[in-house]
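Chemist: Per our numbering, the sequence shown starts with residue 253, numbered consecutively. Glycine included, every Cβ here is placed at the ideal spot set by N, Cα and C.
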Amino acid sequence: MRCVIARYPFDLTKIEVEQTMTGITPEPVTGVSVTIDHRVYPVMQVGEVITRQNRRDFTVTEMRRALTRLGFACHDARPVASRWDAPGEDDALGW
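1. Rounded to a whole number of angstroms, what is the C-alpha to C-alpha distance between R317 and G323?
2. Count the other CB atoms, across all protein chains shown, that sit within 10 Å of the CB of V292; report buried if there are 16 or more and exposed otherwise.
3. Using CA atoms only, rank isn't needed, just tell me which of Q271, I267, D309 is closest to Y260.
4. Using alpha carbons as the reference points, say which of L319, T311, H327 lies closest to K266.
5. Thinking A258 and E314 are a contact (beta carbons under 8 Å), I'd like their distance in whole angstroms, please.
6. For V256, is the beta carbon positioned less than 6 Å from some heavy atom of the ligand NAP?
7. Based on Cα-Cα distance, which residue from H327, N306, V298 lies nearest to E268?
Rendered as structure tokens:
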């Protein structure tokens, strides 16, 4: 499938992306992520690996669109819990 990422056309297939990501250790997920072969990767890490471009050259939206069109499941970033949302925090503070 032809995908345009950072104004460059790429002919990608789901199998090629899976093979390219084999052996790549997922970085900690802090934003939008994608599941590839039962592993969860940050979308930007996958984009950098498969396009060989710097992460500053493309956007999360471009990568998410391309990966979704290829059939991968993308996930929104989880909301970050504040320290006041932590369970049992009130008890530890004596409130």
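Modeler: A quick look at the data gives this:
1. Looking at the backbone, the Cα of R317 and that of G323 are separated by about 10 Å.
2. Exposed: under 16 other Cβ atoms inside 10 Å.
3. If we check each option's Cα against that of Y260, D309 comes out closest.
4. Closest by alpha carbon: L319.
5. Distance from A258 to E314 at the Cβ level is roughly 7 Å; contact confirmed, criterion being Cβ atoms closer than 8 Å.
6. Here there are no bound small molecules, and the ligand NAP is not part of this structure.
7. Considering only alpha carbons, the answer is V298.
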